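Peer 1: Residue numbers (the working numbering), protein chains in the order written: chain Z, 1 to 250; chain S, 1001 to 1250; chain G, 2001 to 2250; chain W, 3001 to 3250. Glycine included, each C-beta is placed from N, C-alpha and C at the ideal position. For clarity, every value in this text was computed on a predicted model and none was experimentally measured. Right, I'll just put the structure down here and ask away after.
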């Protein structure tokens, strides 16, 4: 099945290191048979999230109360099975512009609370981070776990990074990793498109309630036994604790 | 295809909140058709990593130079297609015992540098974190990105957490999420066992070198144009910069 | 010495949980003798950073090439000895609007590379994070380490958080912690204003070069001895490694 | 006042990059007038935390129920006003051995819940991280925020890192930063020893209750107004939401 992989460049530069590695990833996805598109986030106005969620749960839904370019970007996200987020490392994190983009994706995930499914559930993502100092992994780790919390799958080796900044293409490992991010995101998106369930999260599990009841009983009983076996350990310490706190040094 | 899902309990308590949610996850995996096993990491001695890697790359390989219980645990990891890591939150991170376990998994990933593949590539993982205060997501994010860097896949919704500690089973959301971690890890492991490639990362991409050369040329040319278009922006600021630095307040 | 403590509310709501805890902190700072001010970041337009740094190091300096409301905010930062950042937790991190604010503070820190000092060096900061789910500590940890990397001091207990969202004031611990953030930031700012050095980072340490030379020689010599003592450990493993890699399970 | 700065080397190597930068930091502290000591954590057996806290709050207190070498290390921590933690980066975090050390420090912080103060309150810390790839900042950020949550102060520029591993001393920036970590930790420890309060956190604030009551009333009133002003925003969206959810693409 033909899949679509969209790469989001979160750098203000269209030809800097971030965009370069993203192009490598998209080229690899294309050669894997995917339709690809490169989107420069800085071409779009993305206003900061208004946090409606905290006031009126139902107000946080597509296409968001804010009428700005996110409406175009929402369509690009929904139209893709694979997402590659490429960002410069700004203070050990995504660029603020990308953070606004991620914040605004809440409309898709919040559909779970409105009785629907997450609109990004089952999509596949990879991340590329380009810095000049440190913080690449902190950035990547942050983005991947955020996306996973929205229901997005993270295939093996879904990350590439360099600290060579504009010279990213001279970093052999980073180039190989970026190409593999594209290749693997495309491949995983194809596998899931063909063999994955339409829905991943099961909101109703009929067996669960009974299981929890019996587990609770058993675990509480056993926990008490466990507790008793530790008691001697504590008793000794607690008897001495007056003394030990007087010994305290400063 | 029948898959095996192993749950690792990184709590010192066998019947505390961490273990309880892990049992829920494993029960869901079992009902999904997986063979399951619960391993209490505290039953095993796991010595701290000696960091051989920094001295002699080839020395970091299975079964590790340290002769301790990790040798048993290595087999458990290798024998599983799905891994569920459940940990209490100790200072916003995994328990130190689990950290030692993760550090020692380096022998599998380091095989990449020794000309082989990562021995955990293509396995599927989920994480459960149980705390009493805060730091669940920081813990989960850390573990998921570490595993992904070893080549492990992270399926949608691969995380569950609560801050109810021992009373974890009373946290309805956490219980549902934990069950889904088990269910989804099992399902994704099955999909990948049947349809995933044997190898994900492609260390040789014949098209890459030529592509990089032309991309480099194009990108550098375009970057120069981009640079020029910004020059006016900077010029104005730099002309005024002497003044502005005098205006500095303290 | 009288100090000034400015609180930055990074929530779109001026009367939500984030703003409420921030008011508590500022009241505590005021009672400690500080002048205080509450700034709602959402009242200001903060455009995303253009990353000039990667092109022309010297272009990244106050007041930034971007002519927007940050110029007002820069003055507020420079005029304060104590900073309290209060943010809602959006996807386990600061609001995107705050991220843009932090990104744009680079102009102060980058002065180090332009031969000056960081313009925020020696200021004192605390952080308040208000969420409804998880990620408070991840948010706080991110902001504190970012500020510290700009030369800002973090006094004891510089953090407060709750997951009660709008009902933050009903979280007794969070309220106490927020009050202490204000109190302690003010107190530390006073101490440093009176007794701290004007400059913290010493860019020239005359003794360093000689010390490094002798340390290098000594450390390399000792490292070799250390290496030799480990050799037997490795030898045994490497001899067996052919075998062990055949034993690999999948 | 003469202060004591203790450096903890969390690397298994006593002469590797981590230890080298730590020596630089301690030398700088010594030249600043501090007594210094270098402690190799790998020389001590540190068993994993048993998490007594979750069962019996009072059992988590010095000197910990576990009778191992931490008892020696507890004294070293208590005897110091300045702490420098130096760690290799293992999977983007502290070495597991250091994580166990940090977990075990809970006995000091938990004294807060037992009616005393945190026994590490007001100490001053810095962190050095040495890696070969990425994750230095993630490691440092983790350790600094953990220590701050125990009541430890973080002075300006309390961090140094390199990815040159064993060759750390060839990284000019890292060496300068490490020296400044030592110098600044010592200086801040002196300032706080002379001018800091004996107690930072105020557990009783007589003005707080009244203030909260009036703040609550005011904030709730204002929040309602704020809510009303947003209503139109939501209304438009909610009216259209049936339509928009049909437009959804997959």
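Hey, how far is the Cα of residue 53 of chain Z from the Cα of residue 59 of chain Z?
Peer 2: Here residue 53 of chain Z corresponds to residue number 53 of the first chain, with the count starting at 1. Here residue 59 of chain Z corresponds to residue number 59 of the first chain, with the count starting at 1. Residue 53 of chain Z and residue 59 of chain Z: Cα-Cα distance of roughly 7 Å.
Peer 1: For residue 2123 of chain G, would you say it is in contact with chain Z, using Cβ-to-Cβ distances shorter than 8 Å as the test?
Peer 2: The residue given as residue 2123 of chain G occupies position 123 in the third chain. Closer than 8 Å: no.
Peer 1: Taking 8 Å as the threshold (C-beta atoms), are residue 3096 of chain W and residue 1096 of chain S in contact?
Peer 2: Here the question's residue 1096 of chain S lines up with position 96 in the second chain. Here the question's residue 3096 of chain W lines up with position 96 in the fourth chain. Yes, the Cβ-Cβ distance between residue 1096 of chain S and residue 3096 of chain W is below 8 Å.
Peer 1: In this structure, how does DSSP classify residue 2037 of chain G when only helix, strand and coil are distinguished?
Peer 2: Counting from 1 along the third chain, the entry for residue 2037 of chain G is found at position 37. Note: residue 2037 of chain G maps to strand in three-state DSSP.
Peer 1: Using the beta-carbon count (16 or more within 10 Å), is residue 3007 of chain W buried or exposed?
Peer 2: If you number the fourth chain from 1, residue 3007 of chain W lands on position 7. With 16 or more Cβ atoms within 10 Å of its Cβ, residue 3007 of chain W is classed as buried.
Peer 1: What are the boundary residues of the alpha helix (DSSP H) that residue 102 of chain Z is part of?
Peer 2: Position 102 of the first chain holds residue 102 of chain Z. Counting along the chain, the alpha helix (DSSP H) containing residue 102 of chain Z begins and ends at 96-104.
Peer 1: Between residue 3131 of chain W and the rest of its own chain, which residues show a CB-CB distance below 6 Å, the 5 nearest in sequence each way excluded?
Peer 2: Your numbering for residue 3131 of chain W matches position 131 in the fourth chain. Excluding positions up to five away in sequence, the list reads 3089 and 3163.
Peer 1: Do the CB positions of residue 3084 of chain W and residue 3024 of chain W come within less than 8 Å of each other?
Peer 2: Against the fourth chain, residue 3084 of chain W aligns to sequence position 84. Against the fourth chain, residue 3024 of chain W aligns to sequence position 24. For residue 3084 of chain W and residue 3024 of chain W, no; Cβs fall outside 8 Å.
Peer 1: When you compare only the Cα positions, how much space is there between residue 1074 of chain S and residue 1123 of chain S?
Peer 2: Here residue 1074 of chain S refers to the residue found at position 74 of the second chain. Here residue 1123 of chain S refers to the residue found at position 123 of the second chain. Their Cα atoms are separated by approximately 14 Å.
Peer 1: Would the beta-carbon of residue 1120 of chain S fall within 8 Å of that of residue 1150 of chain S?
Peer 2: Numbered from 1 along the second chain, position 120 holds the residue referred to as residue 1120 of chain S. Numbered from 1 along the second chain, position 150 holds the residue referred to as residue 1150 of chain S. Their beta carbons are under 8 Å apart, which means residue 1120 of chain S touches residue 1150 of chain S by this criterion.
Peer 1: What does residue 3119 of chain W touch in chain S if you count any residue whose Cβ is under 8 Å from its own?
Peer 2: The count along the fourth chain starts at 1 and reaches residue 3119 of chain W at position 119. None at all; the shortest Cβ gap to chain S is about 16 Å.
Peer 1: Can you find a C-beta in chain S that's less than 8 Å from the C-beta of residue 2165 of chain G?
Peer 2: Taking the first residue of the third chain as 1, we reach residue 2165 of chain G at position 165. False, the Cβ-Cβ gap to chain S never drops below 8 Å.
Peer 1: Check whether the region 132-139 of chain Z and the region 99-106 of chain Z touch, using three or more Cβ-Cβ pairs below 8 Å as the test.
Peer 2: The region 132-139 of chain Z is not in contact with the region 99-106 of chain Z.
Peer 1: In three-state DSSP terms, what is residue 2161 of chain G?
Peer 2: On the third chain, residue 2161 of chain G is found 161 positions in, with the first residue counted as 1. Of the three classes helix, strand and coil, the one that applies to residue 2161 of chain G here is strand, per DSSP.
Peer 1: For my contact list, residue 129 of chain Z and residue 161 of chain Z are in at a C-beta cut-off of 8 Å; report their separation, rounded to the angstrom.
Peer 2: As a first step, residue 129 of chain Z must be located in the first chain, where it is residue number 129. As a first step, residue 161 of chain Z must be located in the first chain, where it is residue number 161. With 8 Å as the limit, residue 129 of chain Z and residue 161 of chain Z qualify as a contact, their Cβ atoms being about 4 Å apart.
Peer 1: With 16 other CB atoms within 10 Å as the buried threshold, where does residue 1 of chain Z fall?
Peer 2: On the first chain, position 1 is the one that residue 1 of chain Z refers to. By the neighbour-count rule (16 or more Cβ atoms within 10 Å), residue 1 of chain Z is not buried but exposed.
Peer 1: Can you give the Cα-Cα distance for residue 226 of chain Z and residue 3020 of chain W, rounded to whole angstroms?
Peer 2: Walking along the first chain from the start, residue 226 of chain Z turns up at place 226. Walking along the fourth chain from the start, residue 3020 of chain W turns up at place 20. Taking the straight line joining both Cα atoms gives about 45 Å.
Peer 1: Unbroken beta strand (DSSP E) runs of length 3 or more, entirely within the region 3023-3077 of chain W: which are they?
Peer 2: 3035-3040, all fully within the region 3023-3077 of chain W.
Peer 1: What residues from the region 2214-2231 of chain G come within 8 Å of chain S, judged by C-beta to C-beta, listed N to C?
Peer 2: Listed by position along the chain: 2227 and 2230.
Peer 1: Output needed in chain order: residues of the region 3002-3034 of chain W with a Cβ under 8 Å from some Cβ in chain G.
Peer 2: Residues 3013, 3014, 3015, 3016, 3019, 3020, 3023, 3024, 3027, 3028 and 3031.
Peer 1: In or out: residue 2232 of chain G buried (at least 16 other Cβ within 10 Å) or exposed?
Peer 2: On the third chain, residue 2232 of chain G is found 232 positions in, with the first residue counted as 1. Classification for residue 2232 of chain G: exposed.
Peer 1: Could you tell me the alpha carbon to alpha carbon distance between residue 155 of chain Z and residue 13 of chain Z, rounded to whole angstroms?
Peer 2: Stepping through the first chain from its first residue, residue 155 of chain Z is reached at position 155. Stepping through the first chain from its first residue, residue 13 of chain Z is reached at position 13. Cα to Cα, residue 155 of chain Z sits roughly 28 Å from residue 13 of chain Z.
Peer 1: Please tell me whether residue 1097 of chain S has its Cβ less than 8 Å away from any Cβ of chain W.
Peer 2: The residue given as residue 1097 of chain S occupies position 97 in the second chain. So, interface residue.
Peer 1: Give the secondary structure of residue 90 of chain Z by DSSP, where H, G and I count as helix, E and B as strand, and everything else as coil.
Peer 2: In the first chain, the residue the question calls residue 90 of chain Z occupies position 90. Note: residue 90 of chain Z maps to strand in three-state DSSP.
Peer 1: State the Cα-Cα distance for the pair residue 1017 of chain S and residue 1031 of chain S, rounded to the nearest angstrom.
Peer 2: For the purposes of this step, residue 1017 of chain S is taken as the residue at position 17 of the second chain. For the purposes of this step, residue 1031 of chain S is taken as the residue at position 31 of the second chain. Using only the alpha carbons, I get a separation of about 21 Å.
Peer 1: Quick check: the region 3062-3069 of chain W against the region 2210-2227 of chain G, are there 3 or more CB pairs under 8 Å?
Peer 2: Taking 8 Å as the limit for Cβ pairs, the verdict is that the region 2210-2227 of chain G does not touch the region 3062-3069 of chain W.
Peer 1: Quick one: complete beta strand (DSSP E) runs, 3+ long, within the region 107-170 of chain Z?
Peer 2: Counting whole runs of 3 or more residues, the region 107-170 of chain Z contains the beta strand (DSSP E) stretches 124-130 and 159-162.
Peer 1: Under 8 Å between C-beta atoms, does residue 58 of chain Z make it to chain W?
Peer 2: Start at 1 with the first residue of the first chain, and residue 58 of chain Z comes out as number 58. It does: the Cβ of residue 58 of chain Z has a partner Cβ on chain W nearer than 8 Å.
Peer 1: In the structure shown, what three-state DSSP assignment does residue 249 of chain Z receive?
Peer 2: Mapped onto the first chain, residue 249 of chain Z falls at position 249. Note on residue 249 of chain Z: pLDDT 42, under 50, position unreliable in the model; the coordinate value appears next. Residue state, collapsed to three classes: coil.
Peer 1: Under a Cβ-count criterion, where at least 16 other Cβ atoms within 10 Å of its own Cβ denotes burial, should residue 2199 of chain G be classed as buried or exposed?
Peer 2: Position 199 of the third chain, counting from 1, holds the residue named residue 2199 of chain G. By the 10 Å Cβ count, residue 2199 of chain G comes out exposed.
Peer 1: Closer than 8 Å, CB to CB, is residue 3202 of chain W near chain G or not?
Peer 2: Residue mapping note: residue 3202 of chain W aligns to position 202 of the fourth chain, counting from 1. Cβ-Cβ to chain G under 8 Å: yes for residue 3202 of chain W.
Peer 1: By the three-class DSSP mapping on this structure, what secondary structure does residue 1236 of chain S have?
Peer 2: Along the second chain, one-based indexing puts residue 1236 of chain S at 236. It is helical.
Peer 1: Which one or two residues does DSSP pair with residue 198 of chain Z in a beta bridge?
Peer 2: In the first chain, counting from the first residue as 1, residue 198 of chain Z sits at position 198. Per DSSP, none; premise fails for residue 198 of chain Z.
Peer 1: Using a Cβ-Cβ cutoff of less than 6 Å, which residues in the same chain neighbour residue 47 of chain Z once the five nearest sequence positions on both sides are dropped?
Peer 2: Start at 1 with the first residue of the first chain, and residue 47 of chain Z comes out as number 47. Closer than 6 Å at Cβ, skipping near neighbours: 66 and 68.
Peer 1: So, at 6 Å on beta carbons, what are the nonlocal neighbours of residue 3080 of chain W in its own chain, with the 5 sequence-adjacent residues on each side left out?
Peer 2: As a working mapping, residue 3080 of chain W is identified with position 80 in the fourth chain. Within the same chain, residue 3080 of chain W has close Cβ partners 3004 and 3006.
Peer 1: Could you work out which residue in Z:177, Z:240, Z:213 and Z:215 is closest to residue 27 of chain Z when comparing CA atoms only?
Peer 2: Position 27 of the first chain, counted from the start, is the residue given in the question as residue 27 of chain Z. Of the listed residues, the one whose Cα sits closest to residue 27 of chain Z is Z:177.
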